[in-house]
Amino acid sequence: MFRAVNQSGPGKVDGGLSFLCWPPRCLICAAPGAPGRDLCPDCHAALPWLHHPCPRCALPQPRAQFCPACRQSDGGALTRIHAGFEYAFPLDQLLPRLKFHGDLTVARVLAHCLAERFAALPRPQALVPVPLHRRRLRWRGYDQALELARPLARRLGVPLRDDLLVRRHATAAQTSLNAAARQRNLHAAFGVRSGVALPTRVTLFDDVMTTGATLQAAARALRAAGVAVVEAWVCARVA
Ligand SMILES: [Zn+2]
Ligand SMILES: [Zn+2]
Numbered sequence: 001m002f003r004a005v006n007q008s009g010p011g012k013v014d015g016g017l018s019f020l021c022w023p024p025r026c027l028i029c030a031a032p033g034a035p036g037r038d039l040c041p042d043c044h045a046a047l048p049w050l051h052h053p054c055p056r057c058a059l060p061q062p063r064a065q066f067c068p069a070c071r072q073s074d075g076g077a078l079t080r081i082h083a084g085f086e087y088a089f090p091l092d093q094l095l096p097r098l099k100f101h102g103d104l105t106v107a108r109v110l111a112h113c114l115a116e117r118f119a120a121l122p123r124p125q126a127l128v129p130v131p132l133h134r135r136r137l138r139w140r141g142y143d144q145a146l147e148l149a150r151p152l153a154r155r156l157g158v159p160l161r162d163d164l165l166v167r168r169h170a171t172a173a174q175t176s177l178n179a180a181a182r183q184r185n186l187h188a189a190f191g192v193r194s195g196v197a198l199p200t201r202v203t204l205f206d207d208v209m210t211t212g213a214t215l216q217a218a219a220r221a222l223r224a225a226g227v228a229v230v231e232a233w234v235c236a237r238v239a
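1 is the number of the first residue of the sequence shown in the UniProt record's numbering; add one for each residue after it.
Shown next, in the form of structure tokens:
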């Protein structure tokens, strides 16, 4: 018996035991969760799922159509972006809980939702979380994009590659900057780690997309290093 437990690995043992000891509880309303998920069916249905995203940049639209900006441009270094949710209640409270308070239940629950949402999409050759600069990673102790991408990649059976991309500069917080300043702030912010073999197609992953400047900067670094097609998956898209 002990050997069987050891063989299943520490992650599986923890997950299995916590499921047996702790019945799932909704992380939004505290009602009993759906089987195997810390989210109740009502709160799951009420999440701000994106219904009519722009097919290129995922900006919420009133109906299925390209947004005004994408009708006039080719989308830059990113071929297309898929988002699970609009950045609205309760995502605007859940994602800060993950980002600033290390609530990993949020990452697990949202990754489960994103896996459902993205299940019909072509599987990426590599899912690459947008990295934090190592100084910010040391200060915070974890990387919220990676914490979401890891269970998402596992659920979909997609290779997670958090070894490809590095953040060279600790950029100023993007939220305080206008669009032009965001571009300057991010110039050469990312690089591809030398000596790694690159897939031809890469899907970037980030927790929140606002203007897309961060994703574009990361995509430009990958394209410059020889990646042919870069797409992006994001958890929540700011309208
Ligand atoms: Zn609930
Ligand atoms: Zn668009």
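Just so you know, even glycine gets a beta-carbon here, dropped at the ideal spot from N, CA and C.
Values in this document were obtained by computation on a predicted structure and should not be read as measured data.
Any non-hydrogen atom of ligand 1 closer than 7 Å to residue 42 Cβ: yes
Nearest to residue 78 (by Cα), restricted to the options 239, 236, 211: 211
Under the three-state DSSP convention, the category residue 82 falls into: strand
Where residue 74 falls, given that 16 or more other Cβ within 10 Å makes a residue buried: exposed
Residue 103 versus residue 138: straight-line alpha-carbon distance, rounded: Linking residue 103 to residue 138 through their CA atoms gives a straight-line distance of about 17 Å.
Residue 29 - DSSP class collapsed to helix/strand/coil: Note: residue 29 maps to coil in three-state DSSP.
heavy atom of ligand 4 below 7 Å from residue 69 C-beta: Ligands displayed in this structure: ligand 1 and ligand 2; ligand 4 is not among them.
With 16 other Cβ atoms within 10 Å as the buried cut-off, status of residue 83: buried
Coil, strand or helix - residue 57 by DSSP: coil
heavy atom of ligand 2 below 7 Å from residue 89 C-beta: no
Unbroken stretches of the beta strand (DSSP E), 3 residues or longer, contained in the region 115 to 197: 127 to 129, 165 to 167, 190 to 192
Residues sharing a beta bridge with residue 206, DSSP: 234
Where the alpha helix (DSSP H) through residue 70 begins and ends: 68 to 72
Cβ-heavy atom distance, residue 56 to ligand 2, below 7 Å: yes
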